[in-house]
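Going by this note's numbering, the first residue of the sequence shown is number 4, and it counts up by one from there. Don't be surprised by glycine CBs; every beta carbon is placed ideally from N, CA and C. Here is the structure we will look at.
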Amino acid sequence: MLSDTLSNELQRYAIGPRIKALRLRKKLGLVQLAQHTGLSPAMLSKIERGQMFPTLPTLLRIAMVFGVGLDHFFSAEKEEPLIAIVRKEQRLKLPSRPGEKHPPYLFESLDYPASGRRMEAFYAEFPVDGPPSEPHRHGSAEFIYVLSGRLTVKVDGKEAVLDGGDAIYFDSSVAHSYRREGKEIATAIVVTSSSAVVD
Numbered sequence: 004m005l006s007d008t009l010s011n012e013l014q015r016y017a018i019g020p021r022i023k024a025l026r027l028r029k030k031l032g033l034v035q036l037a038q039h040t041g042l043s044p045a046m047l048s049k050i051e052r053g054q055m056f057p058t059l060p061t062l063l064r065i066a067m068v069f070g071v072g073l074d075h076f077f078s079a080e081k082e083e084p085l086i087a088i089v090r091k092e093q094r095l096k097l098p099s100r101p102g103e104k105h106p107p108y109l110f111e112s113l114d115y116p117a118s119g120r121r122m123e124a125f126y127a128e129f130p131v132d133g134p135p136s137e138p139h140r141h142g143s144a145e146f147i148y149v150l151s152g153r154l155t156v157k158v159d160g161k162e163a164v165l166d167g168g169d170a171i172y173f174d175s176s177v178a179h180s181y182r183r184e185g186k187e188i189a190t191a192i193v194v195t196s197s198s199a200v201v202d
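Right, dumping it as C-alpha cells:
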C-alpha cells in the first residue's frame, strides 16, 4: 500500500489521464487495449482513473502498444525530434503476452525514441517452435520485407509465400496472420502505419 505522500507525488504525473488520452487518440476501447497488453479491462480502468498505479513492467506493456517510451508518462511535452537513431544493442523488445511460452513472433522496435511518428518499424523473428499467429487487424497499412527463411502471410483469406528478399504490402485493416515455413527461423523487417489497433 502506497503512503499518502507517494500517492500524491504519483498523482502529479497524471499517468492515468495520459494513458486514456493515448487510448482515445488511437480510438481503442478498454477491452481492445487489454487484449494487446495482456492486462484486464478492470485494471486498465482503475489505472486510467487514478485508483491504481501501474508497475514499470505494466506501464511498459502499455507504452509499447502506443509506440511511446516510458519518459512520455513522466516528462513535460517537448518538441518532437526530427531524427531518432536506434543502435543494434538499443532495440526495444516488445513483451510477449503473459504465459505465452512459444510466441508466434518476436518484435523489436527500431524507432521507439521518435515520438508522434507516423509509422512504426520492427525487426521481427518467427521462431522455429512458434505457432502460426492469430488473425489480427491494426489500422491502414503494413509492409513486410523478409530477410531470411520463408514466411507465409495470410491476408483476408489469401496466402502469399515469401522467401528472403521478397516483400509484401497490404491493407492491414483486414484480418491477417503470419506462419513460418520450413525448419529454419524466419526474420523480417515489418513497417506499419501508426493508427488505431482494431483487434
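Exercise for review: Classify I192 as helix, strand or coil using the three-state DSSP reduction.
Suggested key: strand
Review point. If we count the other Cβ atoms within 10 Å of its Cβ and call it buried at 16 or more, is F110 buried or exposed?
Key: buried
Practice item. Grab me the residues of A66's own chain with a C-beta within less than 7 Å of its C-beta, minus the 5 sequence neighbours each way, in chain order. Key: G72, L73, H75
Review point. Using 8 Å as the Cβ pair cut-off and three pairs as the minimum, do the segment 40-56 and the segment 12-27 touch?
Key: yes
Check your understanding: Within the chosen definition, does the segment 114-133 reach the segment 162-170 through at least 3 CB pairs nearer than 8 Å?
Key -> no
Review point. Are at least three pairs of beta-carbons, each pair with one atom in the segment 156-163 and one in the segment 126-134, less than 8 Å apart?
Key: no
Point to revise | Residue burial classification, R121 (beta-carbon count within 10 angstroms, cutoff 16) | key: exposed
Exercise for review: Check each candidate in L97, E137, F129 and name the one with the smallest Cα separation from L165.
Suggested key: F129
Exercise for review: In the DSSP assignment, find the unbroken alpha helix (DSSP H) run with E111 in it and report its ends.
Suggested key: Counting along the chain, E111 falls outside any alpha helix (DSSP H), though it belongs to the beta strand (DSSP E) covering 109-112.
Review point. Between the Cα of A37 and the Cα atoms of R28, A24, R64, R15, which residue gives the shortest distance?
Key: R64
Practice item. Indicate the three-state DSSP secondary structure (helix, strand or coil) for V200 in the structure shown. Key: Here the model assigns V200 a pLDDT of 43, short of 50, so the residue's position is not dependable, and the following value carries that caveat. The answer is coil: DSSP assigns V200 none of H, G, I, E or B.
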